[in-house]
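Below: the structure, in structure tokens.
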Amino acid sequence: MTAKMSIRELMRNGKMITEYDYIDIEDRKRKEYKGIFISRKYADEVKAFLERKIAEEKEKKIDTLMQFAGSMDGESQGMSSQEIRAFKREKYKDA
């Protein structure tokens with residue numbers, strides 16, 4: 006079961022937390038979506054999903070940056086991000 010409520014309603018009626026699988030929280034005055042409250046039953050699954058998602062985003066950022074690593078001195082010109090990573094790992098492994 007799901008529900009949509011304001012933070013104020015959630016604070017006033019704390020037992021609602023146990024009755025629903027998740028609760029959409031919104032600012033009713035401004036009609037603005039604030040977030041979601043997830044039941045304890047699904048918390049571990051959601052945490053695992055978010056950790057994977059965050060790790061993927063970090064990996065994408067690193068890949069984007071690694072394309073430019075070493076490009077000023079030309080040592081990694083024409084390499085893919087994976088090749089640059091392997092090259093940098095090998096070059097700086099003792100550092």
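In short: position in the sequence shown from 1, add 5, done, that's the working numbering. Yeah, the Cβ is synthetic: ideal placement off N, Cα and C, and Gly gets one too. Everything numeric in this text was worked out from a predicted model, so none of it was measured.
Given residue i, which residues of its chain have a CB within under 8 Å of its CB, disregarding the five upstream and five downstream residues?
i, result
"residue 55", "none"
"residue 39", "12, 30, 31 and 32"
Using DSSP with H/G/I as helix, E/B as strand and the rest coil, what is residue i?
i, result
"residue 10", "strand"
"residue 29", "strand"
"residue 36", "coil"
Would you call the CB atoms of residue i and residue j closer than 8 Å?
i, j, result
"residue 30", "residue 41", "yes"
"residue 15", "residue 6", "no"
"residue 68", "residue 86", "yes"
"residue 9", "residue 26", "no"
Check for me: the alpha helix (DSSP H) holding residue i runs from which residue to which?
i, result
"residue 85", "Looking at the DSSP string, residue 85 is not in any alpha helix (DSSP H), and its letter there is neither H nor E."
Evaluate residue i with the Cβ neighbour count: other Cβ atoms within 10 Å of its Cβ, from every protein chain shown; 16 or more gives buried, anything less gives exposed.
i, result
"residue 28", "buried"
Near residue i, what residues of its chain come up, given a Cβ to Cβ distance below 7 Å and the 5 sequence neighbours on each side ignored?
i, result
"residue 62", "none"
Excluding the 5 residues flanking residue i on each side, which residues of the same chain have their C-beta closer than 6 Å to its C-beta?
i, result
"residue 66", "none"
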